[in-house]
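To keep things clear, I will list the structure first and then write my remarks on it.
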Amino acid sequence: MIAYLGRRVIQSLLILLGVSLITFALLYLLPADPVRQIAGRSATPETVENIRRQLGLDQPFFIQYWHYLTSLLSGDLGRSYIQRSEVTELIVSRLPASLLLMVGAILCELVIGLTMGLLAAVRRGTATDQTLMVASFVGVSAPQFVVGLLLLYVFAVRLGWFPIGGYGTWRHLVLPSLTMGILGAGWYARMMRSSMIDVLRQDYMRTARAKGLARGAIIFRHALPNAILPVIAMIGIDIGIFMGGIVVVESVFGWPGIGQLAWQAIQRVDIPIIMGVTLVSAFAIVLGNLLADTVAPFIDPRIKLR
Amino acid sequence: MMKFLTSTVAVSALALMLGMTSVRAEDAVDPNAKQGGAITITYKDDVATLDPAIGYDWQNWSMIKSLFDGLMDYEPGTTNLRPDLAESYEIAPDGKTFTFKLRQGVKFHNGREMTADDVKYSLDRVTNPKTQSPGAGFFGSIKGHDDVAAGKAESLAGVTVVDPYTIKFELTRPDATFLHVMAINFSHVVPKEEVEKYGADFGKHPVGTGAFKFAEWTLGQRVVFERNPDYWHKGLPYLYRISFEIGQEPIVALLRLQKGEIDIPGDGIPPAKFQEVMADPEQKARVVVGGQLHTGYITMNTTMAPFDNVKVRQAVNMAINKDRIVQLINNRAVPANQPLPPSMPGYDKEFKGYPYDVAKAKALLAEAGHPDGFETQLFAMNTDPNPRIAQAIQQDLAAVGIKAGIQSLAQANVIAAGGDKAGAPMIWSGGMAWIADFPDPSNFYGPILGCAGAVAGGWNWSWYCNKDLDAKAAEADSIVDPAKSGERAKMWSEIYRKIMEDAPWVPVFNEQRFTMKSARMGGADNLYVDPVHIPINYDYVYVTDVQ
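Respectively, the protein sequence lines represent chains A and B. Mind the numbering: the first sequence is residues 44 to 349 in the working numbering, read in order. Mind the numbering: the second sequence is residues 42 to 588 in the working numbering, read in order.
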């Protein structure tokens, strides 16, 4: 177990190093010049070169990358070119909002997805099953930008149940969580359905039925706990999907998380922030996968750590 | 002998120069305005900084103007210069020495009195390369600027504190734009002790002399200003509190405005909703329309064949159907025929520009040796409506035989291509176009049409460099005497006429600004489309529902 974990941690670190190198290289190759953006339109060529020197952007690629890595090891993500603030401070100030959104989204996708999957499995082959599976397909394919605006229009503007964007109370959390959750719910509904159908086919299910147990007791006491575990183990992997989704959803709802920070930084070529958010997201994804893989054998003994 | 001008005389003289009447700062309190109330304004993008030496964004430009003051400012809602922290000023007859008398008793938000030392400190700071100010270049005419810019000196030799309330500027050349430079955010006055206390984070803890003082900043969410009770301009501001909510998509901001949750969507009306808003009488009544010191244009790289031939450039000018492009953006602009926008001094009302004439364009192309046209590339920014405008230009060019491929790229990439001599044959400037930093005709020349901008990484994307016109521009800017301002404006008109003969640009349109406000917002309409306090003049607007 410890050997396995050690190996996985080293693998994870290598992945993070790779991500940092690739992102840094891509941003370096970008034909946009951040110094021109900082220096403004009235700057003389000397001013531009001065700023370039001060930021160390006149150095060759590998020296720049080496400087970045060494400060990274001391926990320094650099200073934003445009916002003129420490990137660590900017990310830390926005992380709680993104984590909150993630928790809300996981709750939504589990409640909606598992319920849909369970219903579809129990009513397999009926119109209910087909409707639910079509709905899950729509949920998976609908662009989050559209879903978000649609939910905003119906539940906030028309019905007035929730605030129109913003951050602060639980009511602000509902619509963005739902927007993020609908995508995941589609996946969970499909996984839950097949997992449940699989369990319902097992011999011990037939035995339970033969013993004359009530249908509710069979489904909720015997089938559900067995079917749900492998599905739950997938949550860690979801983090990667969330990291993609928050950029869109946070922008639509004005949610002050790291997704919004990343979107604004990309538009202004604020390289230190783009690097910082990419690394933090990559870290979250790697950690999520590691957790999912480590926990899986405890939930489902058929899986072995190797 | 120095020519002494009291503020009233000076302002009247300048007002003559700009062709408008003037009001003394103290007279400008609105008798209908009531004190009190709080408003909410939304912006999509984060407020990067509130440091006047650094901030250069759509959202923080006017915010900084409300927290800080400069020696000069403009009458609210107009482009008329007037003294602000200065009480009066003198201009020496050679136009190279400006002496400002400061108002006494002006206090920073920390309670200390502002003096001439603070003005000098603020200018030394903004020009120091360590500050990395995007505005440092505006102060190029002050003696000693080059030494400070090169890091050879810490202080501008041409700025002298005569006494605590008098400051003198010596310039290397007569500079008619200098009073405008003293009104731009980058010259606003900051207290040394606060800058030193917060260091690089001063922009997150701003302390100025302005109408509002900084109250709260929740990163990525909200910035709050509160009324400065000690503001030197008695009676101002009217509002007690302004909350800026950050990170709100324009479309969401509009929905919130319709529900009465916010007062002003700072990014304006989203293009997708424009027609819907204008078709609804109730919503349309709350829209304020105003001109903007902006021109959208197509550049043609005059160093690249076939655009090195003036006939080709003239042909392109005649091939573009500007009316159709204006329709394409729901008439949110007016067609342009010259680089200067209509509200700018020096705009030539008589000049008609190139007509839209496909046959003549084809004839000119044939004369230039391209009877069957040619192939080229048109660069444009990739956010709406720019790709649509680029397609319209592409169709217009195709009608005269020019096959233009569209390179639709992120803003920074288009800017980079324009600053590379062999980078972009044609650029549609939308999304990056020139909005004047101050209302003076020279501001449209130097960096975007003058030789100084035609350098690697520069903003003169047509790489047009006419030494004769550079000399004429310098001559025009040396006319500092307000009595000769008409002559100066005429010289600038002449310069832009000559430029249009050489046709390095196709001026396409001048964007109009459309601001929406809640029903309770009061104050003259021009405060909501202020040409200088962009987008809104917070110091003078008020709410009507306070008791």
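Backbone N, C-alpha and C define an ideal beta-carbon position, used for all residues, glycine too. These numbers come from a predicted model, not from an experiment.
- Taking 4 residues as the minimum length, the alpha helix (DSSP H) runs contained wholly in the region 205-271 of chain A are 213-243, 246-253, in order along the chain.
- Between the alpha carbons of residue 187 of chain A and residue 539 of chain B lies a distance of about 52 Å.
- In this structure, residue 86 of chain B sits away from residue 110 of chain B, with a CB-CB distance that is not shorter than 8 Å.
- The continuous stretches of alpha helix (DSSP H) do not include residue 570 of chain B, and DSSP gives it neither H nor E.
- The C-alpha of residue 240 of chain B is placed about 44 Å away from the C-alpha of residue 545 of chain B.
- Interface with chain A (8 Å Cβ-Cβ cutoff): residue 90 of chain B is included.
- Taking C-beta atoms as the reference points, residue 299 of chain B and residue 208 of chain A fail to come closer than 8 Å.
- Secondary structure at residue 399 of chain B: helix, using DSSP grouped into helix, strand and coil.
- With 16 or more neighbouring CB atoms inside 10 Å of its own CB, residue 262 of chain B falls in the buried class.
- About 20 Å separates the beta carbon of residue 308 of chain B from that of residue 326 of chain B, a gap too long to meet the 8 Å contact definition.
- Here the region 573-582 of chain B makes no contact with the region 318-332 of chain B; the two share fewer than three CB pairs at distances below 8 Å.
- For residue 195 of chain B, there is no enclosing alpha helix (DSSP H), as DSSP marks it with neither H nor E.
- By the neighbour-count criterion, in which 16 or more other beta carbons inside 10 Å mark a residue as buried, residue 44 of chain A falls on the exposed side.
- In terms of CA proximity to residue 518 of chain B, B/220 leads the group B/586, B/220, B/146.
- Beyond the five residues adjoining it in sequence on each side, residue 172 of chain B comes within less than 8 Å, by CB distance, of 94, 95, 166 in the same chain, given in chain order.
- Look at residue 254 of chain B here: in three-state DSSP terms it is strand.
- For the region 56-81 of chain A, the set of residues with a beta-carbon nearer than 9 Å to any beta-carbon of chain B comprises 73, 74, 75, 76, 77, 78, 79, 80, 81, in chain order.
- For residue 297 of chain B, the C-beta contacts it makes with chain A under 8 Å involve 207, 208, in order along the chain.
- With fewer than 16 other CB atoms across the displayed protein chains lying within 10 angstroms of its CB, residue 113 of chain A is exposed.
- For the region 94-110 of chain A, the residues whose beta carbon sits under 8 Å from a beta carbon of chain B are, in order, 94, 97.
- Look at the beta carbons and you see the region 329-339 of chain B touching the region 381-391 of chain B: at least three pairs across the two are nearer than 8 Å.
- Among the CB atoms of chain A, none fall inside 8 Å of the CB of residue 164 of chain B.
- Between residue 216 of chain A and chain B, the shortest Cβ-Cβ separation is not below 8 Å.
- Neighbours of residue 237 of chain A in chain B, taken as residues whose beta carbon is under 8 Å from its own, are absent, since the nearest beta carbon is some 38 Å off.
- At a Cβ-Cβ threshold of 8 Å, residue 329 of chain A and residue 149 of chain A do not count as neighbours.
- At a cut-off of 8 Å between C-beta atoms, residue 504 of chain B does not count as an interface residue with respect to chain A.
- Residues of the region 100-115 of chain B whose Cβ lies closer than 7 Å to any Cβ of chain A: none.
- If you draw a 10 Å sphere on the C-beta of residue 179 of chain A, you find 16 or more other C-beta atoms in it, and that means buried.
- The beta carbon of residue 304 of chain B sits closer than 8 Å to those of 80, 81, 82, 298, 558, 559, 561, 562, 584, all from its chain and outside the five residues before and after it, given in chain order.
- Secondary-structure assignment with DSSP links residue 114 of chain B through a beta bridge to B/123.
- Taking 8 Å as the cut-off, the Cβ atoms of residue 210 of chain A and residue 298 of chain A count as close.
- When the five nearest sequence neighbours on each side are left out, the beta carbons in the same chain lying within less than 6 Å of the beta carbon of residue 249 of chain B are those of 108, 109, in order along the chain.
- Nearest to residue 419 of chain B by alpha-carbon distance, out of B/377, B/497, B/464, B/373, is B/464.
- Contact between the region 215-230 of chain B and the region 513-532 of chain B is present: three or more C-beta pairs spanning the two stretches fall below 8 Å.
- Under the DSSP assignment, residue 47 of chain A falls in the alpha helix (DSSP H) whose first and last residues are 45-72.
- Distance from the CA of residue 450 of chain B to the CA of residue 72 of chain A, rounded to the nearest whole angstrom, comes to 15 Å.
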